[in-house]
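Enquirer:
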Amino acid sequence: MLDAMMRRLIDPPLARMGRALAMRGVSADAVTLAGLVLGLSAAALIALGAPVLALVPLLASRLADGLDGAIARASGKTDFGGYLDITCDFLFYGAIPLGFVLADPAANGAAGAALLTSFYFNGATFLGFAILAERRSMRTEARGVKSLYFTGGLLEGTETIVFFVVLCLWPEGFVPLAWGFGGLCFFTAASRVVLARRVFPDE
Numbered sequence: 360m361l362d363a364m365m366r367r368l369i370d371p372p373l374a375r376m377g378r379a380l381a382m383r384g385v386s387a388d389a390v391t392l393a394g395l396v397l398g399l400s401a402a403a404l405i406a407l408g409a410p411v412l413a414l415v416p417l418l419a420s421r422l423a424d425g426l427d428g429a430i431a432r433a434s435g436k437t438d439f440g441g442y443l444d445i446t447c448d449f450l451f452y453g454a455i456p457l458g459f460v461l462a463d464p465a466a467n468g469a470a471g472a473a474l475l476t477s478f479y480f481n482g483a484t485f486l487g488f489a490i491l492a493e494r495r496s497m498r499t500e501a502r503g504v505k506s507l508y509f510t511g512g513l514l515e516g517t518e519t520i521v522f523f524v525v526l527c528l529w530p531e532g533f534v535p536l537a538w539g540f541g542g543l544c545f546f547t548a549a550s551r552v553v554l555a556r557r558v559f560p561d562e
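Residue 555 in my numbering is what sits at position 196 of the sequence shown, and the numbering runs on without skipping anything.
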């Protein structure tokens, strides 16, 4: 819901940084992988019981996630780069809830499993829509220039990052927050299915 607005704010400075890094020979794929390492480090810190400390690599990983696209646009986008980016994003999004489950399996296990299930469903509807959109040559830049067609929804990347930050600051609230956010993810995914039914009618 907030991604389009955030892109208007963050794209200009990211574009400048991306051009500067591209001129120095930094590759987009390297930044993507660095962002993944930072994100997995955040998940590991959460699992070890240091969620506040995990905020540093978590936010740094999201900066890298924005920079890799800016570098790619400056140096030339590749299909593999887009594939690597979305794959690393999905791994990051799953790793953070897993960190909270590992930190306290007895308390967080059920809520964490439900949250990951909602992520799985939401991700499937997102990628399935993108595949059909590509087949029909649909394009949008509402959420920045992407390798895939990005559909909107109640919950998008911005909301998910805010959710992760809140979890790190209030880990004791993981269970109710995970159930609530997971429910909204299910709603977002179901809404995307309804949208797909309208956009991709039977031929």
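Don't be surprised by glycine CBs; every beta carbon is placed ideally from N, CA and C.
Who are the Cβ neighbours of S477 in its own chain at under 6 Å, not counting the five residues just before and after it?
Expert: G541, C544 and F545
Enquirer: Going straight from the alpha carbon of E518 to that of V524, what length do you get?
Expert: 10 Å
Enquirer: Let's test the definition: count the other Cβ atoms within 10 Å of the Cβ of E493 and tell me whether it reaches 16, buried, or not, exposed.
Expert: exposed
Enquirer: From which residue to which residue does the alpha helix (DSSP H) around L513 run?
Expert: Judged by DSSP secondary structure, L513 falls outside any alpha helix (DSSP H); it is assigned neither H nor E.
Enquirer: Which residues in the same chain as L399 place their Cβ atom closer than 6 Å to its Cβ, once the five residues preceding and following it in sequence are excluded?
Expert: Excluding sequence neighbours, L399 sits near A454.
Enquirer: Identify the continuous alpha helix (DSSP H) that holds W538 and give its terminal residues.
Expert: F533 to V558
Enquirer: At which residues does the alpha helix (DSSP H) containing A409 begin and terminate?
Expert: Careful: A409 lies outside any alpha helix (DSSP H) and carries neither H nor E.
Enquirer: Can you confirm whether the region 459 to 473 touches the region 390 to 409 when touching is taken to mean that 3 or more C-beta pairs between the two stretches lie within less than 8 Å?
Expert: yes
Enquirer: Leaving out five residues on either side along the sequence, give the residues of the same chain with a beta carbon under 7 Å from the beta carbon of G532.
Expert: Closer than 7 Å at the Cβ level, and outside the excluded window around G532, lies no residue.
Enquirer: Starting from S592, follow the alpha helix (DSSP H) in both directions and report where the run begins and ends.
Expert: What the structure shows of the chain is the stretch from 360 to 562, and residue 592 is not part of that stretch, so it cannot be assessed.
Enquirer: If contact is defined by three or more beta carbon pairs under 8 Å, each pair taking one atom from either stretch, is the region 427 to 440 in contact with the region 477 to 486?
Expert: no
Enquirer: Buried or exposed: L528, going by 16 or more other Cβ atoms within 10 Å of its Cβ?
Expert: Exposed, by the Cβ-count rule.
Enquirer: Do you know how far the Cα of F439 is from the Cα of A381?
Expert: One C-alpha to the other measures close to 17 Å.
Enquirer: Out of R551, L392 and T391, which one is the CA nearest neighbour of F480?
Expert: R551
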